[in-house]
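Down below is the structure, laid out as structure tokens.
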Amino acid sequence: MLTSVDRLLFVRGVPIFKELRDDFLVRLASIMDELSFPSHHTIFTEGQEGRALYIVVSGRVSVHLREQELAKLDQGTCFGEMSLFDAEPRSASVTTLEPCDCLMLTQQQLYEAIDETPGIAVNIIRLLSRRIRELNNELNEKQQEVKDLIRQTGLAYASEVQRLPTEPLPRPAINDTFYGQNDGNGNFPYSSFPY
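Residue 160 in this note's numbering sits at position 48 of the sequence shown, and the numbers go up by one each step.
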């Protein structure tokens, strides 16, 4: 496990805490719990109530919705921060890909630290705002891709429609001429048809 100095240096490198003053970092780093998980261990599942943020100290984890992997996270990345603030059910599951050591910050620990050092809240708000902005940009890009695809599909369809004849199609003439000989009884024996 980490010494207090190693823990401070490690937490300083995590994006959510980068801009905090050292005295804030010392406070946060000292209250975090250290946890070790074996490989293929589910740290939390989608829909589970969440009140903690995790930081990967060593190893890797997979963030996934059922079988669909959303991301792989490694050393220095954090996860679970949304539920830390809104206490809503987890939006995804997180499973270790190999043995992992993590730091955990609970909602209660964070609130107590924010009461003592409000600057922590400002940094967290910045991080969440940045993530929302990134998601908005991704959404805008996807919407533009869909619009482009619709436009391309529409143009291809319009091109095909333009190739269709504009005047009504002529009715095919049906040759109703009959070549057979009546046998006198109103019958037309097969042998009377020309070959």
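Glycine included, C-beta positions come from ideal geometry on N, C-alpha and C.
Contact check, residue i vs residue j, beta carbons under 9 angstroms
i	j	result
Ile155	Thr115	no
Thr229	Phe136	yes
Leu185	Ser174	yes
Val212	His153	Reading off the sequence, residue 212 comes out as Cys, not Val. Yes. Within cutoff.
Ala270	Met216	no
Candidates the options: closest to residue i by CA position
i	options	result
Val234	Arg133, Leu120 and Asp118	Arg133
Ser148	His176, Pro127, Leu182 and Glu210	Glu210
Arg119	His176, Phe197, Ser142 and Gln180	Ser142
Gln160	Glu146, Asp295 and Asp198	Asp198
Cys214	Gly188, Asp227 and Arg238	Gly188
Ser205	Glu158, Gln219 and Arg242	Glu158
Glu131	Asp260, Gln220, Gly231 and Pro280	Gly231
Burial state of residue i, where buried means 16 or more other Cβ atoms lie within 10 Å
i	result
Ile167	buried
Glu193	buried
Val126	buried
Ala225	buried
Ile296	It is worth fixing the name first, because residue 296 is Gly in this sequence and not Ile. Gly296 is exposed by the Cβ-count criterion.
Same chain, Cβ closer than 6 angstroms to residue i, five either side skipped, listed in chain order
i	result
Gln219	Arg163 and Leu196
Return the chain-ordered ranges of every beta strand (DSSP E) run that is complete within the segment 189-217 and spans a minimum of 3 residues.
205-208
Beta strand (DSSP E) runs wholly inside the segment 150-176, at least 3 long, in chain order
154-156 and 164-170
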